[in-house]
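Visitor: Counting from 66, one number per residue, gives the positions in the sequence shown under our numbering.
Ideal placement from N, C-alpha and C gives every residue a C-beta, glycine not left out.
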Amino acid sequence: SPLLISGIQLYEKHPIAGGGFADIYLAILDEKPVALKHLRIFKLHQDWLKTNHRFVREAAIWKELDHPNILPFFGVDAATFEPHLCMVSPWMENGDILGYCTNKATTDITDLLEQVALGLGYLHQESIVHGDLCGNNILVDDTGRIRLSDFDLAVFDDATQSNPSSSTSHHGSVRWMAPELHFPRDFGLSQFKRTFSTDVYAYACVCLEPPFMEITNEAEVLIEISKGLRPGQPSTLPVGRVVAESLWAIFHQCWNKCPDSR
Numbered sequence: 066s067p068l069l070i071s072g073i074q075l076y077e078k079h080p081i082a083g084g085g086f087a088d089i090y091l092a093i094l095d096e097k098p099v100a101l102k103h104l105r106i107f108k109l110h111q112d113w114l115k116t117n118h119r120f121v122r123e124a125a126i127w128k129e130l131d132h133p134n135i136l137p138f139f140g141v142d143a144a145t146f147e148p149h150l151c152m153v154s155p156w157m158e159n160g161d162i163l164g165y166c167t168n169k170a171t172t173d174i175t176d177l178l179e180q181v182a183l184g185l186g187y188l189h190q191e192s193i194v195h196g197d198l199c200g201n202n203i204l205v206d207d208t209g210r211i212r213l214s215d216f217d218l219a220v221f222d223d224a225t226q227s228n229p230s231s232s233t234s235h236h237g238s239v240r241w242m243a244p245e246l247h248f249p250r251d252f253g254l255s256q257f258k259r260t261f262s263t264d265v266y267a268y269a270c271v272c273l274e275p276p277f278m279e280i281t282n283e284a285e286v287l288i289e290i291s292k293g294l295r296p297g298q299p300s301t302l303p304v305g306r307v308v309a310e311s312l313w314a315i316f317h318q319c320w321n322k323c324p325d326s327r
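(1) Specify, as a first and last residue, the run of the beta strand (DSSP E) that SER154 falls within.
(2) Report the option in ASN134, PRO244, PHE139 and ALA267 whose CA atom is closest to the CA atom of PRO67.
(3) ARG119: buried (16+ other C-beta within 10 angstroms of its C-beta) or exposed?
(4) Quick test of the definition: if touching needs 3 or more C-beta pairs under 8 Å, does the segment 200 to 216 touch the segment 242 to 252?
(5) Note the first and the last residue of the continuous alpha helix (DSSP H) segment covering HIS247.
(6) Grab the span of the alpha helix (DSSP H) containing TYR266 for me, first residue to last.
(7) Between the segment 252 to 259 and the segment 274 to 294, do at least 3 Cβ pairs fall closer than 8 Å?
(8) Take every Cβ of the segment 208 to 216, pair it with every Cβ of the segment 284 to 297, and state whether three or more of those distances are shorter than 8 Å.
(9) Since VAL194 and ILE73 are thought to touch, with beta carbons under 8 Å apart, how far apart are those beta carbons, to the nearest angstrom?
(10) For ASN159, collect the residues of the same chain with a Cβ closer than 6 Å to its Cβ; drop the 5 residues on either side in sequence, then sort them by chain order.
(11) Which value, in whole angstroms, describes the spacing of the CA atoms of ALA92 and PRO80?
(12) Buried or exposed for LYS78, please, with buried defined as at least 16 other CB atoms from any protein chain shown within 10 angstroms of its CB.
(13) Alpha carbon to alpha carbon, how far is ASN201 from LEU185? Give it in angstroms, no decimals.
(14) What are the partner residues of PRO98, as DSSP defines its beta bridges?
(15) If we call anything under 8 Å between Cβ atoms a contact, is ARG105 one with ALA87?
(16) Helix, strand or coil: how does DSSP classify ARG250 here?
(17) Using only the alpha-carbon positions, how far apart do CYS323 and GLY83 sit?
(18) Hey, how far is the Cα of PHE316 from the Cα of MET278?
(19) For SER71 and ASP142, what's the separation of their Cα atoms in angstroms?
(20) Is it buried or exposed for LEU294, if we count other Cβ within 10 angstroms and need 16 for buried?
(21) Could you check if GLN180 is buried or exposed, using at least 16 other CB atoms within 10 Å of its CB as the buried criterion?
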């Protein structure tokens with residue numbers, strides 16, 4: 066298969082980072098550093114096979130994407146953690162947007178956020194919902210360009226849970242999730258479903274990163290969201306940059322209670 070690549074060598078056996086449903090390893094391919102994303106799958110054999118098929122289908126879609134603000138995709142590694150599959154992409158030495166902005170005092174935040182919007186717009190144009198847009202999934206390449214990652218990987222959450230009925234089966238970044246994702250029935254929805262509108266809501270939250278920064282408890286954040294409240298207006302961002310007044314009207318439009326009005 067053109068998706069499969071060989072010759073991957075782990076740089077070290079322990080993951081460099083990990084999320085709710087995957088571990089990230091630093092590996093070497095053709096003498097260059099690459100990121101190896103290994104999904105944690107705890108399903109029975111039959112369901113695991115189904116998940117692997119879905120994995121390959123999603124990988125094929127990612128392989129076809131071509132945009133300067135989307136993380137490139139090299140292919141699938143089937144050997145390192147056999148029988149599990151891994152996604153292979155370039156290693157982003159600059160890490161995510163949060164660390165990058167903290168380390169680069171002269172960074173133009175507005176330009177970076179515009180690049181995030183362009184990348185997200187491209188995904189939507191290609192009929193792809195990101196599903197978990199937050200600072201941790203917004204990477205920066207060696208040239209300082211934004212690269213969106215982990216889009217649509219949220220669909221694998223159920224496959225990586227040993228108990229699909231658990232409260233964590235709909236993994237996501239609580240503070241960035243639109244209210245209809247937390248409380249679908251309140252919006253006349255029969256089920257949890259990520260949409261273009263929930264991505265737009267999350268984008269405005271990314272502009273504040275982290276949203277609800279004055280609240281440390283995630284449960285309290287949920288209570289605020291259930292009351293219809295939105296992230297408050299800080300005087301500065303964590304990295305010391307002022308939030309322009311002109312942006313707030315845009316943020317609130319992105320946070321509209323009615324998903325179709327965002």
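Guide: Taking the geometry as given:
(1) Looking at the DSSP string, the run of the beta strand (DSSP E) that includes SER154 is 151 to 155.
(2) The residue from ASN134, PRO244, PHE139 and ALA267 with its alpha-carbon nearest to that of PRO67 is PHE139.
(3) Classification for ARG119: exposed.
(4) At 8 Å Cβ cutoff, the stretches do not touch.
(5) For HIS247, the enclosing alpha helix (DSSP H) begins and ends at 244 to 247.
(6) If you look at TYR266, you'll find it in the alpha helix (DSSP H) that goes 261 to 271.
(7) No, the segment 252 to 259 does not touch the segment 274 to 294.
(8) In short, these stretches do not touch, since the Cβ pair count stays below three.
(9) The Cβ separation is near 29 Å, so there is no contact.
(10) Around ASN159: TYR165 and VAL205.
(11) One C-alpha to the other measures close to 10 Å.
(12) Sixteen is the threshold: since fewer than 16 other Cβ atoms of the shown chains lie within 10 Å of the Cβ of LYS78, the residue is exposed.
(13) If you take the alpha carbons of LEU185 and ASN201, they lie about 15 Å apart.
(14) For PRO98, which the question treats as bridged, DSSP gives the partners ILE93.
(15) Contact flag set, yes.
(16) DSSP places ARG250 in helix when its eight states are reduced to three.
(17) CA-CA distance, CYS323 to GLY83, rounds to 34 Å.
(18) Linking PHE316 to MET278 through their CA atoms gives a straight-line distance of about 16 Å.
(19) One C-alpha to the other measures close to 7 Å.
(20) Per the 10 Å Cβ criterion, exposed.
(21) So GLN180 ends up on the buried side.
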